[in-house]
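Residue numbers (our numbering): 1 to 359.
Here a beta-carbon is modelled for each residue, glycine too, at the ideal position from N, C-alpha and C.
Each remark here refers to the structure printed beneath this line.
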Amino acid sequence: MVVICTMVDMHIVENKSKSGKKIYRSTLLRESYREDGKVKKRTIANLSNCTPLEIEAIRLALAHKDDLCALGALSESVKLHEGLSMGAAWSVYQVAKELGIEEALGKDFEGKLALWQVMARVIGQGSRLSAVRLAQIHAAGDVLDMKRGFDENNLYDNLSWLSENQAKIERKLFELRRGGNKPKLFLYDVTSSYLEGKSNHFGEYGYNRDGKKRKKQIVIGMLCDEFGEPVSTEVFRGNTQDPKTFESQVKKVLERFGCKDVTIVGDRGMIKTVQIESLPEGFHYITAITKPQIESLINKGILQLGLFEEKLCEIKDDEVRYILRRNPVRAEEMSKTRVSKLQSIEKYSQTNMILEIWR
């Protein structure tokens, strides 16, 4: 009696052939077997029309053909873990690169910390500790390629670094954005922000725009170019009057940004006689005049009330150009205020008359 043993090995084969400029690919399910002591191969099925997922499923089944039940246990052994969030950090980082913020801050550790503080303010506003916690949720270290971690103390120290390097950073941003095309017009204004607590170097009592009585505050000035894009910010003591902040802005425009023959725009409380007289040569200004100034010009005969129409009117006096226009919206507001005050006076008068009768 003759016994023939046949050993079968089933596998997937991927073939690639070229005919002219065309490339042909095929995927076959084949098996190797022995017959009369010789190794032979044959094709069982053509898998070329199967999807890649279907082919991988067949390949996985062949790898576990001796124990197909083990395939069910594979899914149980695989555990999914959520990684750090990437989308927000990556998106904000790309915008920061396009705006030149990364280049202006530098790519050393302090520069990357400063950039993360900027990104953290965009992703989720909060404290320095909050920025540290955000970095544990978002892939800050991976996106910024930070070689070591940081805590809130590093971020507070980084704020000091930012303060010391502010002028250099602002100048770099200005150069990156403007190049040799320097602006001829700057816009400047101030605001204030109240403070909780007492330990603040610039905190003082002053004109509070927040309506928070008995709260110390700081005054913040912002200088913008003709497009309204900020070029510099500066913090002043809370009791600093608006005109006192103007001189340092002129100095920045001239020295830090190297601009000449420019016009600075500020409101009527910002640019006054002292500020105008101290302007360097080639510097001009645009501002609004006060009610007493208007009355003075009318008394001198330079202006006439009849000139205040809805169409623009221009008058020049001693190298000063006055652009006049009647604001219909403001006129209506003033009319309503006047009527309201008259009604209050009449009501007060009637109340007094009633009291006199009852005496």
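Measuring C-alpha to C-alpha distances from Trp-161 to each of Gly-87, Lys-260 and Leu-105 identifies Leu-105 as the nearest.
Contact check for Leu-84 and Ile-137: beta-carbon distance about 7 angstroms, within the 8 angstroms limit, so the pair qualifies. The C-beta distance from Gly-221 to Tyr-188 rounds to 7 angstroms, short enough to meet the 8 angstroms contact threshold.
DSSP, reduced to helix, strand and coil, places Ala-288 outside both helices and strands of the structure shown, so it counts as coil. Thr-263 places its beta carbon less than 9 angstroms from that of Phe-186. For Glu-31 and Ala-120, the gap between their C-alpha atoms comes out near 59 angstroms. Annotation: Gln-241 to Gln-275 spans about 13 angstroms, alpha carbon to alpha carbon. For Lys-40, the pairing in a beta bridge is given by DSSP as Tyr-33. Annotated as distal: Leu-303 and Ile-286, with beta-carbon spacing of 9 angstroms or more. With respect to Leu-99, Arg-177 sits close: the two C-beta atoms are nearer than 9 angstroms. Closest in C-alpha terms to Ser-248, from the list Ile-294, Pro-183, Tyr-205 and Val-190, comes Val-190. As computed with DSSP, Val-320 is found in a beta bridge with Asp-317. The C-beta separation of Gly-124 from Leu-134 comes to about 6 angstroms, placing the pair in contact by the 8 angstroms criterion. In this structure Cys-69 is exposed. Its beta-carbon is surrounded by fewer than 16 other beta-carbon atoms within 10 angstroms. Counting only the Cα atoms, Ile-101 lies some 20 angstroms from Tyr-156.
In this chain, the alpha helix (DSSP H) harbouring Leu-53 covers 52-63. Checking the DSSP bridge columns, you'll see Val-13 partnered with Leu-28.
Going by C-alpha positions, Asp-9 is about 51 angstroms away from Leu-144. Per the coordinates, the alpha-carbon of Glu-14 lies some 53 angstroms from the alpha-carbon of Asp-151.
For Leu-195, the three-state secondary structure derived from DSSP is coil.
DSSP, read as helix, strand or coil, puts Ser-19 in strand. Per DSSP, the continuous alpha helix (DSSP H) segment holding Ser-130 begins and ends at 128-137. Following the DSSP letters along the chain, one finds Val-262 in no alpha helix (DSSP H), marked with neither H nor E. Contact between Leu-53 and His-11 fails: their C-beta atoms lie close to 18 angstroms from each other, not under 8 angstroms. By a beta-carbon distance limit of 8 angstroms, Lys-212 does not contact Asn-200. Their separation comes to about 14 angstroms. For Asp-225, the enclosing beta strand (DSSP E) stretches over residues 217-225. With a beta-carbon spacing of about 7 angstroms, Glu-310 and Arg-325 fall inside the 8 angstroms limit used to define contacts. If the five residues before and after Cys-313 are omitted, its C-beta is found closer than 8 angstroms to the C-beta atoms of Leu-307, Ile-323, Leu-324 and Arg-325, all from its own chain and listed in chain order. Partner residues in a beta bridge of Ser-278, as assigned by DSSP, do not exist.
The residues Val-219 and Thr-245, in chain order, have a CB closer than 6 angstroms to that of Phe-236 in the same chain once the five nearest residues on each side in sequence are set aside. Short of 8 angstroms from the beta carbon of Asn-181, and not among the five residues preceding or following it, lies no beta carbon of its own chain. Assigned with DSSP and collapsed to three states, Asp-189 falls in strand.
Residue environment analysis places Glu-170 among the buried positions, since at least 16 neighbouring C-beta atoms fall within 10 angstroms of its C-beta. The residue from Ser-278, Tyr-93, Phe-283 and Asn-239 with its alpha-carbon nearest to that of Lys-260 is Phe-283. Boundaries for Phe-246: no beta strand (DSSP E) harbours it, while the alpha helix (DSSP H) harbouring it runs 246-251, taken from the DSSP string. Residues of the same chain with a CB within less than 6 angstroms of the CB of Tyr-24, apart from the 5 flanking positions on each side, are Ser-17 in chain order.
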